[in-house]
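Participant: The structure under discussion is supplied below as structure tokens; questions concerning it will follow.
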Amino acid sequence: MDTTKMTISLFEALCHLIVLMLSLGQGIHSMPVPTDIPMCTASETAQYSLTFTGKWTQAAFPKQYPRYRPPAQWSNLIGVTHSSDYHMWQRNEFASNGVREFTEKGEAWTLVKEVETAGERIQSVYGILSAPAVVGGTGQMNTEFEVFARHSFLSFIVRIVPSPDWFVGVDSIDLCDGDHWKENVSVDLFPYDAGTDSGFTFSSPNFETIPQDKITQITSSFPSHPANSFFYPRLKHLPPIAKVTLTKIKKTNKIISLPMEPTQSNQLPTGNEIEDKLINTPLDCEVSVWSPWGLCKGKCGESGVQHRTRYIIMHPANNGAACPLLEEERKCFPDNCL
Numbered sequence: 062m063d064t065t066k067m068t069i070s071l072f073e074a075l076c077h078l079i080v081l082m083l084s085l086g087q088g089i090h091s092m093p094v095p096t097d098i099p100m101c102t103a104s105e106t107a108q109y110s111l112t113f114t115g116k117w118t119q120a121a122f123p124k125q126y127p128r129y130r131p132p133a134q135w136s137n138l139i140g141v142t143h144s145s146d147y148h149m150w151q152r153n154e155f156a157s158n159g160v161r162e163f164t165e166k167g168e169a170w171t172l173v174k175e176v177e178t179a180g181e182r183i184q185s186v187y188g189i190l191s192a193p194a195v196v197g198g199t200g201q202m203n204t205e206f207e208v209f210a211r212h213s214f215l216s217f218i219v220r221i222v223p224s225p226d227w228f229v230g231v232d233s234i235d236l237c238d239g240d241h242w243k244e245n246v247s248v249d250l251f252p253y254d255a256g257t258d259s260g261f262t263f264s265s266p267n268f269e270t271i272p273q274d275k276i277t278q279i280t281s282s283f284p285s286h287p288a289n290s291f292f293y294p295r296l297k298h299l300p301p302i303a304k305v306t307l308t309k310i311k312k313t314n315k316i317i318s319l320p321m322e323p324t325q326s327n328q329l330p331t332g333n334e335i336e337d338k339l340i341n342t343p344l345d346c347e348v349s350v351w352s353p354w355g356l357c358k359g360k361c362g363e364s365g366v367q368h369r370t371r372y373i374i375m376h377p378a379n380n381g382a383a384c385p386l387l388e389e390e391r392k393c394f395p396d397n398c399l
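If you use our numbering, the sequence shown corresponds to residues 62 to 399, in order.
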């Protein structure tokens, strides 16, 4: 009898456990599955022309604008066409070793190897593309590339030269819109910090960031430090430092190669080919802190005068605030007067 009651009790407990598991299972299956990723259904491949335009002028970015050793310029462009599950780089994520080497030194081999490895491992990469460097802050570089439905995204990166680890680029632009390809895409580009070097200025020496920071966008107020080359507290937003235009073109049999050396053939002799109006960013004068007050000069028993000075750190530009007085004086009485 006791054995029978025990068997019934175990059976009831097992039933309760099964009911509980089924209830939990139903709860798990009822969770929503994300379906917000658009699917490209374009039946044919598409070919695009990419035009990168530098807008890095001394008028738009007057603070510490690099004019020599080396002057303002752009590295070659390294890009990739890929699916939605791949990222060459991402804002607020850590830069890979390849991105680190490219943004700090302009060396692309590790970055290209990372792209190739991703393509072999998860079949997320369709092709690598490149465009030659721009020897100047303003200029253009061009290349062509191909995309298809499964790999309809474009990402690329261009190093700002000189800089600690700063770059511009795009992360995962989708060129497909449902069942057709977009005809034109234009994107303004702004500077990013790769988070691997702690320099504040264009010409800062190499100073590794330990621990490594995440990739962040540089703005007119971030990093909030007066030494920052992009620090313009009077501006709400930085003007775009570059621009990329993507235009769908007819297919050709042209083979797209990966140039390894920069070229000067794409340098613009004047700004006439850049359609945007000239941007003049006001740069206020910056001065040092006051020096200590000097010795009190005067006769014993009579009031004298002492001076203090400061010097100009940054001269004003583009109608920025003028420099204040660099010398002050005040009355005093000589000390240790005999």
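All residues carry an ideal CB built from backbone N, CA and C; glycine is no exception.
Here the structure is a predicted model, which is why all the values come from computation and not from measurement.
1) Rounded to the nearest angstrom, what separates residue 18 and residue 250 at their Cα positions?
2) Based on Cα-Cα distance, which residue from 351, 296, 112, 388 lies nearest to residue 343?
3) Within the same chain, show all residues whose beta-carbon is closer than 8 angstroms to that of residue 165, passing over the 5 residues directly before and after it, in chain order.
4) Alpha carbon to alpha carbon, how far is residue 105 from residue 291? Give it in angstroms, no decimals.
5) Looking at the unbroken beta strand (DSSP E) that takes in residue 137, where does it start and where does it end?
6) Alpha carbon to alpha carbon, what distance is there between residue 345 and residue 378?
7) Note down the Cα distance separating residue 389 from residue 361, rounded to an integer number of angstroms.
8) Write down every uninterrupted run of the beta strand (DSSP E) in the segment 176-250 whose length is 3 residues or greater and which is fully enclosed by it, in chain order.
9) What distance in whole Å lies between the Cβ atoms of residue 374 and residue 349, which are believed to be in contact at a cut-off of 8 angstroms?
10) Grab me the residues of residue 143's own chain with a C-beta within less than 7 angstroms of its C-beta, minus the 5 sequence neighbours each way, in chain order.
11) Which of the three DSSP states is assigned to residue 370 in this structure?
12) Just to confirm my understanding: we take residue 301, look at its own chain, exclude 5 residues before and 5 after, and list those with CB closer than 8 angstroms. What are they?
13) What first and last residue would you give for the alpha helix (DSSP H) that runs through residue 262?
14) Going by DSSP, what residue range makes up the beta strand (DSSP E) through residue 113?
15) With a threshold of 16 other CB atoms inside 10 Å of the CB of residue 387, please say whether the residue is buried or exposed.
16) What is the rounded straight-line gap between the Cα of residue 169 and the Cα of residue 114?
17) Suppose contacts are defined by Cβ-Cβ distances below 8 angstroms. Is residue 393 in contact with residue 366 by that definition?
18) Note the first and the last residue of the continuous beta strand (DSSP E) segment covering residue 305.
19) With DSSP collapsed to three states, give me the class of residue 348.
20) Taking DSSP as the reference, what is the three-state secondary structure of residue 152?
21) For residue 357 and residue 395, I'd like the C-alpha separation in whole angstroms.
Facilitator: The short version:
1) Here the chain covers residues 62 to 399 and nothing more, so residue 18 does not appear.
2) Locating residue 343 in the sequence shown gives position 282, counting from the first residue. With distances taken between Cα atoms, residue 343 lies closest to 296.
3) Mapped onto the sequence shown, residue 165 falls at position 104. Closer than 8 angstroms at the Cβ level, and outside the excluded window around residue 165, lie 225, 226, 255, 257, 258, 267.
4) Stepping through the sequence shown from its first residue, residue 291 is reached at position 230. Stepping through the sequence shown from its first residue, residue 105 is reached at position 44. The alpha-carbon separation between residue 291 and residue 105 amounts to approximately 43 angstroms.
5) If you number the sequence shown from 1, residue 137 lands on position 76. Here the beta strand (DSSP E) through residue 137 covers 134-143.
6) Residue mapping note: residue 378 aligns to position 317 of the sequence shown, counting from 1. Residue mapping note: residue 345 aligns to position 284 of the sequence shown, counting from 1. Between the C-alpha atoms of residue 378 and residue 345 there is a straight-line separation of about 7 angstroms.
7) Your numbering for residue 389 matches position 328 in the sequence shown. Your numbering for residue 361 matches position 300 in the sequence shown. Distance between residue 389 and residue 361, taken at the CA atoms: about 22 angstroms.
8) As far as the segment 176-250 is concerned, its whole beta strand (DSSP E) runs of at least 3 residues are 186-192, 199-208, 214-222, 227-235, 245-250.
9) For the purposes of this step, residue 349 is taken as the residue at position 288 of the sequence shown. For the purposes of this step, residue 374 is taken as the residue at position 313 of the sequence shown. Indeed, because the Cβ distance is near 6 angstroms, the residues count as touching under 8 angstroms.
10) If you number the sequence shown from 1, residue 143 lands on position 82. Taking residue 143 as the centre and dropping the five residues before and after it, the same chain places the C-beta of 185, 186, 187, 212, 214, 216 closer than 7 angstroms to its C-beta, in chain order.
11) Here residue 370 corresponds to residue number 309 of the sequence shown, with the count starting at 1. In the structure shown, residue 370 falls within a strand segment according to DSSP collapsed to helix, strand and coil.
12) Residue numbering aside, residue 301 sits at position 240 when the sequence shown is read from its first letter. Non-local beta-carbon contacts of residue 301 in its own chain, meaning distances under 8 angstroms to residues more than five positions away in sequence, involve 116, 249, 250, 251 in chain order.
13) In the sequence shown, residue 262 corresponds to position 201, counting from 1. Element bounds for residue 262: n/a, residue is neither H nor E.
14) For the purposes of this step, residue 113 is taken as residue 52 along the sequence shown, with counting starting at 1. Looking at the DSSP string, the run of the beta strand (DSSP E) that includes residue 113 is 107-116.
15) Reading the sequence shown from its first residue, position 326 is the one you call residue 387. With fewer than 16 other Cβ atoms within 10 Å, it is exposed.
16) Looking up residue 169 in the sequence shown gives position 108. Looking up residue 114 in the sequence shown gives position 53. For the pair residue 169 and residue 114, the Cα-to-Cα distance works out to about 21 angstroms.
17) Counting from 1 along the sequence shown, the entry for residue 393 is found at position 332. Counting from 1 along the sequence shown, the entry for residue 366 is found at position 305. Less than 8 angstroms divides the Cβ of residue 393 from the Cβ of residue 366.
18) Counting from one through the sequence shown, the residue named residue 305 turns up at place 244. For residue 305, the uninterrupted beta strand (DSSP E) segment begins and ends at 303-310.
19) Here residue 348 refers to the residue found at position 287 when the sequence shown is read from its first residue. Secondary structure of residue 348 (DSSP, three-state): strand.
20) Position 91 of the sequence shown, counting from 1, holds the residue named residue 152. Note: residue 152 maps to coil in three-state DSSP.
21) Within the sequence shown, numbered from 1, the residue matching residue 357 stands at position 296. Within the sequence shown, numbered from 1, the residue matching residue 395 stands at position 334. Taking the straight line joining both Cα atoms gives about 5 angstroms.
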